[in-house]
Structures are given as structure tokens and as C-alpha cells.
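Counted the way the working numbering counts, the sequence shown spans residues 131 to 203. A virtual CB, placed ideally from N, CA and C, is assigned to each residue, including glycine. On a predicted model such as this, the values are computed, not experimentally measured, just so you know. One structure is given here, and the rest of the page talks about it.
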Amino acid sequence: MSTNAEYGIFSEAAGGCIYAPCHSPEEAARERERLITEDGEDAGDLTVNELCPDHEEQPKHGCEDCATEENAS
Ligand SMILES: [Zn+2]
Numbered sequence: 131m132s133t134n135a136e137y138g139i140f141s142e143a144a145g146g147c148i149y150a151p152c153h154s155p156e157e158a159a160r161e162r163e164r165l166i167t168e169d170g171e172d173a174g175d176l177t178v179n180e181l182c183p184d185h186e187e188q189p190k191h192g193c194e195d196c197a198t199e200e201n202a203s
């Protein structure tokens, strides 16, 4: 259900999710702007991704935990 989708802000430099959850892409975009303007985060380093519904702080596309489970079974 896309209405239940959650979004997170990911930092390549930090190696993962630095802010979650947001409940809409618009909310995530606002928080991303806030992190850049208030916390001095690098705009080019922060990306918004839909979160994996099964794992916290993992992107839906490219979730490492999902990949691990698929390989284990
Ligand atoms: Zn997952």
C-alpha cells in the first residue's frame, strides 16, 4: 500500500539512513532541506528513498537485509 509507505533520508558519507521515518516524499524533502540548511549537511550527499517495509532504515530498493535473507533461503 503506497499510502503506508515510509521514506528516509540517506547519507552516502554516513553509510546509511540518517533520518526516518517520513510519511510522504514531501515531508522527506522538507527534512532533507532542513538538514542541509540547519545542520550543514552536504546537499549532494543526501538522498530520499522509500523505506523497506520489512526492515528499518533500509531502502526499499537495494535493502541489504532482504538480499541477505534471499541468499540464505
Ligand atoms: Zn528489507
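- Task: Report all residues for which the CB-ligand distance to some heavy atom of ligand 1 is below 7 Å; order them along the chain.
- Result: Cys182, Asp184, His185, Gln188, Cys193, Asp195, Cys196
- Which two residues bound the contiguous alpha helix (DSSP H) that contains Cys196? The sequence position of residue 196 within the sequence shown is 66, counting from 1. It spans 194-202 - the alpha helix (DSSP H) in which Cys196 sits, taken as one unbroken run.
- Message: To the nearest angstrom, how far is the alpha carbon of Glu163 from that of Glu187?
- Response: Start at 1 with the first residue of the sequence shown, and residue 163 comes out as number 33. Start at 1 with the first residue of the sequence shown, and residue 187 comes out as number 57. Those two C-alpha atoms are separated by around 19 Å.
- Message: Run through the DSSP bridge pairs and tell me what Pro189 is partnered with.
- Response: In the sequence shown, the residue the question calls residue 189 occupies position 59. Partner(s): Leu181.
- Sequence-distant residues of the same chain with beta carbon closer than 8 Å to His191, five excluded per side: Position 61 of the sequence shown, counted from the first residue, corresponds to residue 191. Answer for His191: Asn179, Glu180, listed in chain order.
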